[in-house]
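These protein sequence lines are chains A and B, in that order.
Using numbering that gives the first Met the number 0, the letters of the first sequence map in sequence onto residues 0 to 483.
Using numbering that gives the first Met the number 0, the letters of the second sequence map in sequence onto residues 0 to 483.
Backbone N, C-alpha and C fix where the C-beta goes; we use that ideal spot for every residue, glycine too.
To start, the structure under review is shown below, and the notes come after it.
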Amino acid sequence: MLHDLSIGALADLLNERKISSVELTRHFLARIERYDPVLNTLITATGDRALLEAADADRRLRRGESGPLLGIPLIHKDIFCTDGVRTSCGSRMLDNFVAPYDATVVARLRAAGGVMLGKANMDEFAMGSSNETSYYGPVKNPWDTSKVPGGSSGGSAAATAARLAPYATGTDTGGSIRQPAALTGVTGIKPTYGRVSRYGIVAFASSLDQAGVFARSAADAATVLQAMAGFDERDSTSVDVSVPDYRAALEQPLAGLKIGLLAEFFEGLEARNGALIEAALAVFRSLGAKTVDVSLPHLPLSVPTYYVVAPAECSSNLSRFDGVRFGYRCAEPKDLMDLYKRSRGEGFGAEVKRRIMTGTYVLSAGYFDAYYLQAQKARQLITDEFRAAFTGVDLLLGPTTPTPAFALGAKVDDPITMYLNDIYTIGANLAGLPGLSMPCGFIDGLPMGLQLIGPHFSEARVLNAAHQFQQATDWHMQTPQGYA
Amino acid sequence: MADWEVVIGLEIHAQLATRSKIFSGAATAYGASPNSQASLVDLAYPGVLPVLNAEAVRMAVKFGLAIGAQIATRSIFARKNYFYPDLPKGYQISQYEEPVVQRGSLAIVLDDGTVKTVGITRAHLEEDAGKSLHEGLANASGIDLNRAGTPLLEIVSEPDMRSAKEAVAYMKKVHTLVRYLEICDGNMQEGSFRCDANVSVRPRGQPKFGTRAEIKNLNSFRFVEKAIGYEVSRQIDIIESGGKVIQETRLYDSDKHETRSMRSKEEANDYRYFPDPDLLPLEIEADFIAAVRATLPELPDEKAARFAAEFGLSAYDAGVLSASRELGAYFEAVVAAVGAANAKLAANWVMGELSSALNRDGVEIGSAKVTPTALAGLLARILDDTISGKIAKDVFEALWTEGGDADAIIAAKGLKQITDGGAIEAVIAAVMAANPKQLADYRAGKDKLFGFFVGQVMKATQGKANPAQLNELLKQKLGSEPGP
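The structure is reproduced here in structure tokens:
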């Protein structure tokens with residue numbers, strides 16, 4: 000079936016004119032119509048517009064244009080601004096917000112011929128690890144609809160897993176691509192901070208946010224990242240480093256690859272999770288990789304550090320949502336203060352408010368040094384330890400999450416337990432490193448992810464290692480029941 | 000009454016004369032219709048990011064070099080967080096702990112001629128806010144974001160000024176300098192150059208500063224002087240009547256010439272400054288600094304010293320003539336035409352007739368009809384005795400209103416000086432004949448009547464008699480015995 004094909008195979012069919020982009024788009028729109036009422040992966044479906052874009056892609060194909068993504072449908076996380084289509088960021092605050100411009104990622108994929116099927120559900124302002132903080136209701140995990148898909152890019156992950164689109168975009172601030180990729184059995188990559196432009200991404204924590212891809216294989220992810228990556232003069236934190244040919248690097252053999260095993264990732268790891276990682280390591284060793292034990296003594300500070308830095312930045316980033324120029328405005332404000340208080344009070348959900356309050360607190364006079372400054376120091380230590388580790392190893396390998404997908408509602412009232420879900424992913428964000436999660440087996444019938452972390456700008460190596468693993472295994476080929 | 004010492008420090012905001020804003024591409028021109036010069040960045044739309052305007056940095060560095068300051072090779076942009084409708088992001092991007100310009104100074108000349116050095120703690124780059132408009136709107140306020148994002152250089156002095164006059168002298172000095180450097184148009188009515196004054200008093204001899212009040216937004220030299228004057232007596236009155244000055248922010252009411260409380264220290268915002276994660280640290284390389292240094296014009300003090308040395312002008316004259324680049328250039332053009340030996344004459348005319356006409360009619364020196372060439376032509380006629388200094392003033396007035404050159408006006412109006420001794424003698428004789436009584440009195444010893452005769456002759460010649468010749472001849476004639 001079309002939805003089982005890789006991006007490369009679909010591109011071949013399109014370039015050989017065996018199918019049209021309109022046909023392909025209709026196929027995926029039909030799947031969305033069939034499955035999404037239950038899964039709730041989309042906040043806004045853009046079927047009509049998708050067909051127009053597909054027709055345009057077909058014209059380009061007929062003119063002899065070709066490209067690895069030309070005419071291939073996708074879903075954008077609803078955090079990317081899309082010209083003329085609502086960008087809600089999963090929040091009541093932006094329920095009525097239509098951006099007048101495209102994010103750089105959106106513009107680049109549009110230029111590459113991508114056909115947008117819709118905007119994916121997500122935790123409100125990307126704050127959450129289960130997609131349950133969305134104003135538009137939770138996304139269901141296609142492997143078990145009583146389970147969460149992870150978050151914050153839960154809609155993108157679940158839609159990719161359920162084959163509602165060949166690929167989807169996401170953003171990752173503390174694990175928001177890798178954790179849901181793991182819990183839904185797909186491949187997700189968060190590139191190096193600065194690799195992909197943040198322009199047009201509704202900001203959560205500016206020093207941590209990075210856009211990436213959900214796909215069903217590392218090879219597909221490489222194709223998409225190729226189109227997304229690169230310097231953007233509109234984002235001062237994007238880095239002017241040339242983008243290597245990710246696809247060309249995929250076939251490189253792994254002989255001699257040095258994989259670091261982080262003591263801190265394995266300490267107290269649940270036995271079945273550990274067994275999956277061990278089995279994966281055996282595959283890597285069979286491919287010629289060597290493993291080395293390494294330790295990052297300050298890595299356990301990741302979660303507390305993150306929960307100071309990210310809320311601090313978000314408390315400031317979200318100040319622009321004041322009911323004055325766009326977004327939600329309360330009914331009949333009495334005065335300015337009332338306008339502020341009620342617009343923000345009614346427009347933001349509980350988790351967002353919790354983080355704004357935490358962030359405001361840690362930046363306040365008298366607390367700044369004890370929290371924000373201390374967290375910056377811890378962040379520097381963690382970054383330095385990663386850097387040191389990469390002098391001896393090429394990649395780090397470990398689990399993506401402590402457990403498989405948990406039940407909807409199970410952790411909603413317990414933010415700390417929820418936050419600990421990102422214990423393995425946050426380090427890469429704090430240090431700005433590329434990280435990838437890919438399927439490596441199942442626990443209780445639910446997919447589990449394996450995480451690879453590389454040094455800055457080593458996406459080619461990370462994707463190469465993942466691709467070689469996927470050539471030797473078929474975990475990434477598994478389809479949730481009912482979505483074949 | 001105790002002897003009080005006044006302590007003043009100024010924070011001057013100079014709007015940098017860049018074409019576009021500090022973090023967006025929108026234009027900075029003054030007076031456009033509301034919100035027509037506000038880009039998505041200025042409106043703080045979700046997803047947009049700031050990109051630093053290199054020209055603003057260049058201007059800040061230029062200022063730093065001109066005051067002999069240190070240019071920080073690495074400085075940090077920070078967010079100053081507070082809610083206000085004309086502050087679209089909910090924070091202002093400014094520099095807090097590490098400003099781009101650090102530790103410079105400027106010399107001012109006090110009334111008694113002594114030179115005083117005022118320390119400049121720092122100058123930092125920041126963005127301006129928009130404007131709230133409360134007039135003409137029923138039950139609502141308007142927001143104009145044209146000014147939002149306009150680049151400002153905030154120049155913070157040490158508390159080195161000891162009187163309102165010193166504060167004004169310092170502010171004028173900075174005003175002169177920023178216009179010399181062409182980094183600010185200095186237009187105070189449009190708010191391009193304004194200041195906040197920190198004012199305190201202490202008993203003379205007490206080492207510790209008194210409690211200060213900050214007077215916000217003073218946009219004329221006169222207001223600075225009046226506001227400080229008012230504030231000083233207010234504080235002295237409080238202390239002398241047994242009260243305590245409280246630290247607060249005050250507003251100056253230019254109608255009532257008084258300051259009134261805006262907010263106390265307790266009510267002050269906690270701005271929660273932290274480094275802006277959207278902007279990398281500003282790193283300035285030695286090459287950049289050297290390139291900016293090469294563009295520095297001759298500075299006011301250097302020009303004044305050169306005028307004094309080259310042309311033998313007094314310190315006062317040299318200071319006045321170097322107060323603006325345009326005035327200095329005008330003066331030098333006149334001197335170039337009349338010769339350095341006549342520089343004093345040129346100085347007198349530029350500072351006298353020309354400056355008062357400029358002030359009287361509110362004309363910019365660049366658009367005066369009396370060009371440097373025309374003024375030099377006029378001075379040449381004084382020097383060669385074609386006209387007297389007094390007649391020259393009439394010629395100047397004609398040049399001022401009609402333009403043209405002095406020779407043409409002298410010829411057209413018949414103003415050429417009478418230097419023919421015989422002609423003058425004839426007039427003297429006629430005057431003596433017509434005034435026998437005065438003549439007799441003079442000869443009886445009333446020397447004061449000499450002036451009367453000069454006046455009569457001048458009247459009869461319409462002021463054209465050469466004054467020196469007239470004096471000489473008149474003395475001879477009046478002193479000799481009664482004529483035939």
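Could you have a look at residue i and say whether DSSP puts it in helix, strand or coil?
i	result
V240 of chain A	coil
E325 of chain B	helix
G482 of chain B	Here G482 of chain B scores only 41 on pLDDT, less than 50, and its place in the model is too uncertain to base an answer on.
R16 of chain A	coil
Y245 of chain A	helix
P299 of chain A	helix
H455 of chain A	coil
H75 of chain A	strand
Q379 of chain A	helix
K343 of chain B	helix
Q437 of chain B	helix
L449 of chain A	strand
H174 of chain B	helix
P466 of chain B	helix
P274 of chain B	strand
V486 of chain A	There is no way to answer for residue 486 of chain A, as the model of chain A reaches only from 0 to 483.
Does any C-beta atom of chain B lie closer than 8 Å to the C-beta of residue i?
i	result
D385 of chain A	Per the sequence presented here, residue 385 of chain A reads as Phe, with Asp not at that position. F385 of chain A does not count as touching chain B.
A125 of chain A	no
I200 of chain A	yes
R324 of chain A	yes
T43 of chain A	no
A364 of chain A	yes
T86 of chain A	yes
L484 of chain A	The displayed coordinates of chain A run from 0 to 483. Any statement about residue 484 of chain A would go beyond what the structure contains.
T236 of chain A	yes
Y371 of chain A	yes
R30 of chain A	no
P414 of chain A	no
I'd like to know whether the C-beta of residue i is nearer than 8 Å to at least one C-beta of chain A.
i	result
V50 of chain B	yes
I148 of chain B	The sequence as given places Gly at residue 148 of chain B; Ile does not occur at that position. Taking Cβ atoms only, chain A never reaches closer than 8 Å to G148 of chain B, which makes this a no.
L42 of chain B	yes
R78 of chain B	yes
D127 of chain B	no
K255 of chain B	no
K243 of chain B	no
Taking the alpha-carbon of residue i as reference, which of the options has the nearest alpha-carbon?
i	options	result
R354 of chain A	A:G344, A:Y306, A:L396 and A:R284	A:Y306
F310 of chain B	B:A13, B:K389 and B:N347	B:N347
C313 of chain A	B:G46, B:T17 and B:S23	B:G46
G112 of chain A	A:F96, A:S65 and A:R91	A:S65
E352 of chain B	B:G388, B:A425 and B:S321	B:G388
Rounded to whole angstroms, what is the Cα-Cα separation between residue i and residue j?
i	j	result
V456 of chain B	R442 of chain B	18 Å
W142 of chain A	T183 of chain A	7 Å
V533 of chain A	R57 of chain B	Chain A is shown from 0 up to 483; residue 533 of chain A falls before or after that span and cannot be answered.
A160 of chain A	G408 of chain A	21 Å
V453 of chain B	G413 of chain B	20 Å
A281 of chain A	D208 of chain A	33 Å
A119 of chain A	R109 of chain A	17 Å
I7 of chain B	V155 of chain B	11 Å
S151 of chain A	K225 of chain B	58 Å
G397 of chain A	S216 of chain A	18 Å
G154 of chain A	A98 of chain A	20 Å
H297 of chain A	T236 of chain A	26 Å
G169 of chain A	T149 of chain B	34 Å
F395 of chain B	V200 of chain B	49 Å
Which runs of the alpha helix (DSSP H) spanning at least 4 residues fall entirely within the region 203-231 of chain A, listed in chain order? 217-227
Identify every run of the beta strand (DSSP E) within the region 365-438 of chain A, keeping only runs that are complete inside it and at least 3 residues long; order them along the chain. 394-398
Give, in chain order, every unbroken run of the beta strand (DSSP E) that is at least 3 residues long and sits entirely within the region 191-251 of chain B. 192-202 and 212-217
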